[in-house]
Amino acid sequence: MTVEFAARLPLARNELDRDAEYRSTPDLERVLRDDPTTRFLPVHGGAMLRNTDGTLRFVDAAQVPVDATLLYLGRAVVDAPDAPAGTRFVAALVDDAAATGIESDAEAWENLRMFGTELSARDQGLAVEAVAMANWHAVHGFSPRTGSATESSVGGWVRRDPEGHQHFPRTDAAVIVGITDGQDRILLGANAAWDANRYSLLAGFVEPGESLEDAVRREVFEEAGVSIEEPEYLGSQPWPFPASLMVGFRARAVDGDPSAARPDGVEIVDVRWFSRDEIREHAGDTILLPGRTSIARVIIEEWYGGPLDLP
């Protein structure tokens with residue numbers, strides 16, 4: 000992965016020390032609440048609040064309900080106007096009632112998908128970590144081994160059941176690939192769940208016992224019937240919707256008739272080879288492309304040769 004490519008990945012930026020050792024501090028929740036310098040980030044169903052200048056809105060401990068699940072996110076490594084280096088940050092998972100108490104306007108709570116590109120590197124790192132962990136806690140209230148209720152511990156990074164089993168956060172690896180043919184056109188597919196004219200790169204989850212490269216080859220052939228040459232790694236970024244790590248590749252289709260590309264008809268309902276001229280003339284109009292927060296958009300723009308002036 001080149002430094003230039005990595006710098007363009009909106010959800011891979013970070014200026015935060017996750018400070019894993021501090022998670023084991025005895026009575027950590029009390030310590031964090033008692034420290035007046037701690038910044039608490041309210042998270043409600045994966046949504047957050049922002050200030051008028053676009054920065055994340057933090058609250059003090061008094062605004063955080065005593066029964067809120069707290070997630071220790073880490074500490075700042077650079078000085079900022081709202082928090083000097085060393086400041087500790089905590090996500091507070093709040094319910095509907097607490098969210099209303101913090102912000103009465105429901106529309107003020109915003110989803111990271113919509114504003115991830117607008118945050119500073121520090122705030123972006125905090126938001127991605129908080130959303131990913133919030134999603135994990137939301138679906139691990141009960142032990143998959145015993146069915147017993149679990150409780151958060153170790154700064155929110157472990158859930159324990161009464162039998163003593165520990166459960167840790169998981170991330171699902173998914174590959175995504177920009178495929179070009181002999182005419183340097185790019186292959187995009189339309190998913191059955193999307194708008195009819197929305198196209199993106201082919202992608203899929205890595206299966207157990209499978210390498211990333213094998214997953215790329217398998218997914219592309221399954222979804223579009225295209226065989227590719229050795230895929231080349233580009234970069235990766237978290238995609239906490241709910242728990243993925245998107246691993247980006249580029250590859251060339253093997254020699255042959257590119258018109259042989261065909262959708263699987265289940266997940267992918269259309270596949271097309273696009274030239275740069277077609278993208279320039281129709282993107283944002285008759286062709287909708289992935290949003291700015293996605294790695295798919297960055298890979299497409301790398302092939303295109305520069306940013307696309309689109310949402």
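In numbering that gives the first Met the number 0, the protein residues as written are 0 to 310. The beta-carbon is built from N, C-alpha and C at its ideal position, and this holds for glycine as well. Small disclaimer: the values here were computed from a predicted structure and weren't measured.
State yes or no: is the C-beta of aspartate 242 within less than 8 angstroms of the C-beta of alanine 98?
If you number the sequence shown from 1, residue 242 lands on position 243. If you number the sequence shown from 1, residue 98 lands on position 99. The residue you asked about is not aspartate; residue 242 is alanine in the sequence shown. No, the pair does not count as a contact, with Cβ atoms beyond the cut-off.
Going by beta carbon distance, what residues of the same chain come within less than 7 angstroms of glutamate 300, once the five residues before and after it are set aside?
Residue 300 sits at position 301 when you count from the first residue of the sequence shown. The answer, listed in chain order, is Pro306 and Leu307.
For the stretch 62-78 against the stretch 19-30, do three or more pairs of beta-carbon atoms, one drawn from each stretch, fall closer than 8 angstroms, so that the two count as touching?
Cβ pair count under 8 angstroms is three or more, so yes.
Contacting residues, own chain, Cβ-Cβ under 6 angstroms from arginine 7 (five flanking each side not counted)
Counted from its first residue, the sequence shown places residue 7 at position 8. Here the set comprises Val297.
So what does serine 151 bridge to, in DSSP terms?
Taking the first residue of the sequence shown as position 1, residue 151 is located at position 152. According to DSSP, serine 151 bridges with Arg158.
Alpha carbon to alpha carbon, how far is glycine 283 from arginine 121? Give it in angstroms, no decimals.
On the sequence shown, residue 121 is found 122 positions in, with the first residue counted as 1. On the sequence shown, residue 283 is found 284 positions in, with the first residue counted as 1. When rounded, the distance between both Cα atoms is 30 angstroms.
Cross-strand partners of proline 237 (DSSP beta bridge)
For the purposes of this step, residue 237 is identified with residue 238 of the sequence shown, where counting begins at 1. DSSP, once it has assigned bridges, lists Leu244 as partnering proline 237.
If we call anything under 8 angstroms between Cβ atoms a contact, is valine 93 one with histidine 166?
Against the sequence shown, residue 93 aligns to sequence position 94. Against the sequence shown, residue 166 aligns to sequence position 167. Not in contact: valine 93 and histidine 166 (Cβ atoms no closer than 8 angstroms).
Taking isoleucine 278 as part of the alpha helix (DSSP H), name the residues at either end of that continuous run.
As a working mapping, residue 278 is identified with position 279 in the sequence shown. Residues 275-281.
Given 8 angstroms, three or more beta-carbon pairs between the stretch 215-223 and the stretch 196-203:
Counting C-beta pairs closer than 8 angstroms gives three or more between the stretch 215-223 and the stretch 196-203, which meets the contact rule.
Within the same chain, show all residues whose beta-carbon is closer than 6 angstroms to that of glycine 154, passing over the 5 residues directly before and after it, in chain order.
The count along the sequence shown starts at 1 and reaches residue 154 at position 155. These residues qualify, in order along the chain: Arg22, Leu27 and Tyr71.
At which residues does the alpha helix (DSSP H) containing leucine 211 begin and terminate?
Sequence index remark: in the sequence shown, residue 211 carries index 212 (1-based). Looking at the DSSP string, the run of the alpha helix (DSSP H) that includes leucine 211 is 211-223.
Where glutamine 62 sits in the DSSP three-state scheme:
Along the sequence shown, read from residue 1 onward, the residue named residue 62 stands at position 63. In this structure, glutamine 62 counts as helix in the three-state DSSP scheme.
Endpoints, alpha helix (DSSP H) assigned at glycine 115
As a first step, residue 115 is located in the sequence shown; it is residue number 116 there, counting from the start. Here glycine 115 belongs to no alpha helix (DSSP H), and DSSP marks it neither H nor E.
Can you check the stretch 6-36 for any alpha helix (DSSP H) of at least 4 residues that lies completely inside it and give the ranges in chain order?
27-33
Could you say which of Asp263, Phe240, Ala295 and Leu287 lies nearest to valine 246 if we only look at CA atoms?
Within the sequence shown, the letter at position 247 stands for residue 246. Comparing Cα positions, the closest option is Ala295.
Could you check if proline 230 is buried or exposed, using at least 16 other CB atoms within 10 Å of its CB as the buried criterion?
In the sequence shown, the residue the question calls residue 230 occupies position 231. Buried, by the Cβ-count rule.
Start-to-end residues for the alpha helix (DSSP H) that takes in threonine 99
Counted from its first residue, the sequence shown places residue 99 at position 100. Here the alpha helix (DSSP H) through threonine 99 covers 95-101.
Give the DSSP bridge partners of glutamine 123, in chain order.
The residue given as residue 123 occupies position 124 in the sequence shown. The beta-bridge partner set that DSSP reports for glutamine 123 is empty.
Along the chain, where does the alpha helix (DSSP H) that runs through isoleucine 294 open and close?
As a working mapping, residue 294 is identified with position 295 in the sequence shown. If you look at isoleucine 294, you'll find it in the alpha helix (DSSP H) that goes 294-303.
What do you reckon, are the CB atoms on proline 262 and valine 253 nearer than 8 angstroms?
Residue numbering aside, residue 262 sits at position 263 when the sequence shown is read from its first letter. Residue numbering aside, residue 253 sits at position 254 when the sequence shown is read from its first letter. Contact flag unset, no.
Report, in whole angstroms, the separation of the C-beta atoms of alanine 133 and alanine 173, which I expect to be a contact under 8 angstroms.
Locating residue 133 in the sequence shown gives position 134, counting from the first residue. Locating residue 173 in the sequence shown gives position 174, counting from the first residue. That pair is no contact at about 20 angstroms.
Taking the beta strand (DSSP E) that phenylalanine 204 belongs to, which residues open and close that run?
If you number the sequence shown from 1, residue 204 lands on position 205. Per DSSP, phenylalanine 204 belongs to the beta strand (DSSP E) from 201-204.
Check each candidate in Ala105, Asp104, Ser103 and Gln123 and name the one with the smallest Cα separation from arginine 112.
Within the sequence shown, the letter at position 113 stands for residue 112. Put simply, of Ala105, Asp104, Ser103 and Gln123 the residue whose alpha carbon is nearest the alpha carbon of arginine 112 is Gln123.
Pick helix, strand or coil for alanine 67, following the three-state DSSP scheme.
Counting from one through the sequence shown, the residue named residue 67 turns up at place 68. Reduced to three states, the DSSP call for alanine 67 is coil.
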